[in-house]
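Working notes for the structure below.
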Amino acid sequence: MLKTIDTHAAGEKSFMEMRYEYISMATHEFKTPITAISSSIELLETKMQLDELMLPFYKRNLSRIKEEITILSNMVDDILITGSMVAGNPVTRAELTNATAFARMIKQQYFHQRPDKRLLRIKISGTRRDIYTDKSQLTGILTNLVSNAFKYSQGQDPTLSLHYRQKELCIKVKDNGIGIPEKDIRFLFTPYFRAGNVGNREGAGLGLAIVKCFVNANNGTITVSSDTTGTVFTLTFPYAPTDNRE
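Residues 20 to 265 in the numbering used here are what the sequence shown spells out, letter by letter.
As structure tokens, this is what we get:
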């Protein structure tokens, strides 16, 4: 009986690995034309500027095309990461991380000079201590949450708060948006789930599932609270074991 169970488990694992390999191959195939389109748009934009042909109409529409390419590329990345999660393949490479400097880098690299002029507000409290995380995965966590905060907020600036507590770092991402229906909150971290009030806003429902996976992989926790005034995602991460400051 035990042998039969082991054989079944091995077969299921093999199927998961095969599915992940297929997803990986397919998403990389999508990446090739996306990269080609992006490069062509960049060349076209540069040539039009050099030839002084960049009228406001062309600039506006080229910008829109670039935004949609970015959205499509991010969706492909999310599908690849989700396939890796299902197959049990994600690898965490943790290292000492200055979360304050990291948050400021995220703001500068991903949320600087937005077309709508909104800003990411960063608030820091407590005495800084390093955490021990995979920086690539922490980037995925914060960019997903902050992007959602901008997407669902109504004309106001979202806030990223870092509070250095005695035993852990608490990170909060707060928006001033439409809120999440109470009946939907328990499903938020389920792949492909989207809350009932998101309307036609873009998204495949993978971002929060990826965030949850990355938070767990880095020994963190994540909770969410929401009402009609907005939503707050609260994360905690333990301090690095090599950081012995009080």
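Cβ coordinates follow ideal geometry from the N, Cα and C atoms, glycine included. On a predicted model such as this, the values are computed, not experimentally measured, just so you know.
(1) Compare the C-alpha of L164 against each of T51, I53, A122 and G174 and name the closest.
(2) Quick one: what does DSSP say E187 is sitting in, helix, strand or coil?
(3) So what does DSSP say about N93, is it helix, strand or coil?
(4) When the distance is taken between beta carbons, is I60 closer than 8 Å to L74?
(5) Starting from the C-beta of I204, find all residues in its chain whose C-beta is less than 8 Å away, skip the five residues before and the five after it, and write them out in chain order.
(6) For a quick check, are the C-beta atoms of V110 and F49 less than 8 Å apart?
(7) Runs of 4 residues minimum, wholly inside the region 148 to 173: which ones carry the alpha helix (DSSP H) assignment?
(8) Please classify P52 as buried or exposed, where buried requires at least 16 neighbouring CB atoms within 10 angstroms.
(9) Within its chain, find whatever has a CB closer than 8 Å to the CB of Y77; leave out the 5 residues flanking it on each side and keep chain order.
(10) In or out: M20 buried (at least 16 other Cβ within 10 Å) or exposed?
(11) Note the first and the last residue of the continuous beta strand (DSSP E) segment covering G249.
(12) When the Cα of A120 is compared with those of R148, Q132 and F256, which residue comes out closest?
(13) Compute the Euclidean distance between the alpha carbons of I150 and G174, then round it to the nearest angstrom.
(14) Which partner residues of R140 appear in the DSSP bridge assignment?
(15) Where does K193 land, buried or exposed, given buried means 16+ other C-beta within 10 angstroms?
(16) Let me check one thing: in DSSP terms, what residues is A116 bridge-paired to?
(17) Less than 8 Å between the beta carbons of L188 and A236, yes or no?
Reading it off the structure:
(1) Indexing the sequence shown from 1 puts residue 164 at position 145. Closest by alpha carbon: A122.
(2) Sequence index remark: in the sequence shown, residue 187 carries index 168 (1-based). Residue state for E187 is assigned as strand, using DSSP reduced to three classes.
(3) Position 74 of the sequence shown, counting from 1, holds the residue named residue 93. Looking at N93 - three-state DSSP - the assignment turns out to be helix.
(4) Along the sequence shown, read from residue 1 onward, the residue named residue 74 stands at position 55. Along the sequence shown, read from residue 1 onward, the residue named residue 60 stands at position 41. Taking 8 Å as the Cβ cut-off, L74 and I60 do not qualify as a contacting pair.
(5) For the purposes of this step, residue 204 is taken as the residue at position 185 of the sequence shown. A distance below 8 Å between beta-carbons, with the five flanking residues on each side excluded, links I204 to the following residues of its chain, in chain order: V243 and S245.
(6) For the purposes of this step, residue 110 is taken as the residue at position 91 of the sequence shown. For the purposes of this step, residue 49 is taken as the residue at position 30 of the sequence shown. Not a contact, by the Cβ cut-off of 8 Å.
(7) Fully enclosed alpha helix (DSSP H) runs of 4 or longer: 154 to 171.
(8) Locating residue 52 in the sequence shown gives position 33, where the first residue counts as 1. By the neighbour-count rule (16 or more Cβ atoms within 10 Å), P52 is not buried but exposed.
(9) Mapped onto the sequence shown, residue 77 falls at position 58. Cβ neighbours of Y77 within its own chain (closer than 8 Å, five residues either side excluded): M67.
(10) For the purposes of this step, residue 20 is taken as the residue at position 1 of the sequence shown. With a pLDDT of 47 at M20, under the threshold of 50, the modelled position of this residue cannot be trusted, and the question is left open.
(11) Walking along the sequence shown from the start, residue 249 turns up at place 230. Residue range G249 to P257 is occupied by the beta strand (DSSP E) that includes G249.
(12) Locating residue 120 in the sequence shown gives position 101, counting from the first residue. Shortest Cα-Cα distance from A120 to any of R148, Q132 and F256 involves R148.
(13) Here residue 150 is taken as the residue at index 131 of the sequence shown, counted from 1. Here residue 174 is taken as the residue at index 155 of the sequence shown, counted from 1. Each residue's alpha carbon lies about 33 Å from the other.
(14) Taking the sequence shown and counting its residues from 1, one reaches residue 140 at position 121. In DSSP, R140 forms a bridge with T178.
(15) In the sequence shown, counting from the first residue as 1, residue 193 sits at position 174. With 16 or more other Cβ atoms from the protein chains shown falling within 10 Å of its own Cβ, K193 counts as buried.
(16) As a first step, residue 116 is located in the sequence shown; it is residue number 97 there, counting from the start. Looking at the sequence itself, residue 116 is Thr, so the reference to Ala does not match. T116 pairs with I150.
(17) Taking the first residue of the sequence shown as 1, we reach residue 188 at position 169. Taking the first residue of the sequence shown as 1, we reach residue 236 at position 217. A distance of 8 Å or more separates the beta carbons of L188 and A236.
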